[in-house]
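Below is one structure, written out as structure tokens; comments come after it.
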Amino acid sequence: MEEREENNNLAGVQHIILVLSGKGGVGKSTISTELALALRNAGKKVGILDVDLCGPSIPRMLNAQDKDVHQCDTGWVPVFVDQEKSISLMSIGFLLEKSDDAVVWRGPKKNGLIKQFVNDVAWGELDFLIVDTPPGTSDEHISTVEALRTCKPFGAILVTTPQAVSIGDVRRELTFCKKTGLRVIGIIENMSGFVCPHCSECTNIFSKGGGEELAKHAGVPFLGCVPLDPQLTQSLEQGRDFMQEFPQSATFSAISKIVAQLLDTSSPSAS
Numbered sequence: 516m517e518e519r520e521e522n523n524n525l526a527g528v529q530h531i532i533l534v535l536s537g538k539g540g541v542g543k544s545t546i547s548t549e550l551a552l553a554l555r556n557a558g559k560k561v562g563i564l565d566v567d568l569c570g571p572s573i574p575r576m577l578n579a580q581d582k583d584v585h586q587c588d589t590g591w592v593p594v595f596v597d598q599e600k601s602i603s604l605m606s607i608g609f610l611l612e613k614s615d616d617a618v619v620w621r622g623p624k625k626n627g628l629i630k631q632f633v634n635d636v637a638w639g640e641l642d643f644l645i646v647d648t649p650p651g652t653s654d655e656h657i658s659t660v661e662a663l664r665t666c667k668p669f670g671a672i673l674v675t676t677p678q679a680v681s682i683g684d685v686r687r688e689l690t691f692c693k694k695t696g697l698r699v700i701g702i703i704e705n706m707s708g709f710v711c712p713h714c715s716e717c718t719n720i721f722s723k724g725g726g727e728e729l730a731k732h733a734g735v736p737f738l739g740c741v742p743l744d745p746q747l748t749q750s751l752e753q754g755r756d757f758m759q760e761f762p763q764s765a766t767f768s769a770i771s772k773i774v775a776q777l778l779d780t781s782s783p784s785a786s
């Protein structure tokens with residue numbers, strides 16, 4: 516792995532991964548959360564930096580919405596979501612007086628908080644830091660990439676759904692990555708089929724295969740498909756660990772295969 520500047524709070528983070536989408540509503544925060552849980556279950560220490568300032572949903576997904584951020588000598592201490600302190604989280608959701616308060620900020624104030632999140636959170640030693648971004652290619656994305664540039668992020672995972680509209684937006688996200696010099700680790704097709712909670716049969720209620728076709732066309736890896744799963748939805752609503760509770764599900768298998776590829780790609784032998 517390339518050397519990075521050591522004099523910052525990210526010095527102990529081995530791999531920084533941005534999760535991007537060109538469109539809202541594709542399940543980007545869901546993917547970020549489940550990747551973190553799957554990496555934790557693989558024995559890794561994981562942090563999640565939620566820079567979706569207007570829609571901070573990850574604290575609820577990890578049942579951490581009532582926790583507080585504290586200060587230490589080197590900055591903010593992230594919220595630990597488990598007793599083992601294997602997953603840490605920083606989100607604007609912890610800084611709001613009420614969970615339903617709207618963040619009505621102009622660009623400069625948003626960009627300032629993103630830089631503060633990058634520079635002032637004391638993550639400690641992490642195997643992976645997953646950065647959950649808002650949809651699009653806006654100021655927040657540019658600020659995030661620029662703030663992380665000296666830390667040499669490992670790359671970006673792009674999330675799409677099978678529909679042509681979503682895939683078209685992800686094409687623009689690929690262009691963003693190219694212009695900013697951000698490596699594309701791969702594309703995930705989310706909501707790819709519906710898993711029946713009774714018989715576990717997967718039905719393609721949307722089209723299927725668009726994400727894989729886009730990956731081939733763009734010359735980037737296709738990491739896999741994640742189906743719509745009511746058990747996953749319920750787990751996220753209740754802040755439970757889907758990866759531990761439903762190891763027999765098709766969704767567990769899909770996410771596990773994606774994480775296995777991620778671990779292979781990030782291993783020292785793959786460098």
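All residue numbers for the sequence shown refer to the numbering used here, where the first residue is 516 and numbers rise by one. Idealized CB from N, CA, C, for every residue including glycine.
Could you work out which residue in ASN626, ASN719, GLY734 and GLU716 is closest to ARG686 when comparing CA atoms only?
-> GLY734
In whole angstroms, what is the alpha-carbon distance linking GLN631 and LYS694?
-> 24 Å
Once you ignore the five residues that flank MET706 on each side, which residues in its own chain have a CB closer than 8 Å to its CB?
-> VAL541, GLY542, THR676, PRO677, PHE721, VAL741, PRO742 and LEU743
By how many angstroms is the C-alpha of ALA775 removed from the C-alpha of LYS731?
-> 20 Å
Terminal residues of the continuous alpha helix (DSSP H) containing GLN775?
-> Here residue 775 turns out to be Ala, not Gln, going by the sequence shown. Where ALA775 is concerned, the enclosing alpha helix (DSSP H) stretches over 765-781.
Starting from the Cα of ILE702, find the closest Cα among ALA637, THR589, GLY754 and GLY537 and give me that residue.
-> Among ALA637, THR589, GLY754 and GLY537, the Cα nearest to that of ILE702 belongs to GLY537.
Considering only residues of the stretch 545-612, which uninterrupted beta strand (DSSP E) runs meet the minimum length of 3 residues and lie entirely inside it, listed in chain order?
-> 561-565, 585-587, 590-592 and 602-606
Considering HIS656, what are the terminal residues of the alpha helix (DSSP H) in which it resides?
-> Segment 654-663, the alpha helix (DSSP H) holding HIS656.
Between the stretch 587-606 and the stretch 614-625, do at least 3 Cβ pairs fall closer than 8 Å?
-> no
Inter-residue Cα distance where the pair is GLU749 and PHE761 = Note that residue 749 is Gln in the sequence shown, not Glu. Spanning the two alpha carbons is a distance of roughly 12 Å.
For THR718, the residue or residues it bridges with in DSSP | PHE709
Between which two residues does the beta strand (DSSP E) harbouring PHE691 extend?
-> It is not in any beta strand (DSSP E) - PHE691 instead sits in the alpha helix (DSSP H) that spans 679-695.
First and last residue of the beta strand (DSSP E) that includes LEU738?
-> Its beta strand (DSSP E) spans residues 737-743.
Measure the alpha-carbon distance for GLU752 versus THR589 and round it to whole angstroms.
-> Annotation: GLU752 to THR589 spans about 33 Å, alpha carbon to alpha carbon.
For the alpha helix (DSSP H) holding GLY651, just list the boundary residues, first then last.
-> Annotation for GLY651: no alpha helix (DSSP H) segment contains it, and DSSP assigns it neither H nor E.
8 Å Cβ cutoff met for ASP647 and HIS530 | If you check the CB distance, ASP647 and HIS530 do not come in under 8 Å.
How is the alpha helix (DSSP H) around LEU729 delimited, first residue to last?
-> 725-733
For THR748, does the three-state DSSP call read helix, strand or coil?
-> helix
Below 7 Å CB to CB, which residues in the same chain sit around ILE573 once its five sequence neighbours on both sides are set aside?
-> SER544, SER547, THR548, ILE563, ASP565, LEU604, SER606 and ASP647
Proximal residues to SER715 (C-beta, below 6 Å), its chain only, five neighbours per side dropped | Around SER715: no qualifying Cβ.
If I'm right that ASP756 touches LEU552 with Cβ under 8 Å, what's the distance once you round it to whole angstroms?
-> 6 Å
Can you tell me the Cβ-Cβ gap for PRO571 and GLY608, rounded? I've got them flagged as a contact below 8 Å.
-> The pair is a contact, with the Cβ atoms about 4 Å apart (cut-off 8 Å).
Assess, as a yes-or-no matter, whether the stretch 663-671 is touched by the stretch 581-588 under the definition of 3 or more beta carbon pairs within less than 8 Å.
-> No: the two stretches stay apart, fewer than three of their Cβ pairs being nearer than 8 Å.
Cβ atoms of ALA679 and GLY725: under 8 Å apart, would you say?
-> It is a contact, given that the beta carbons lie within the stated cut-off.
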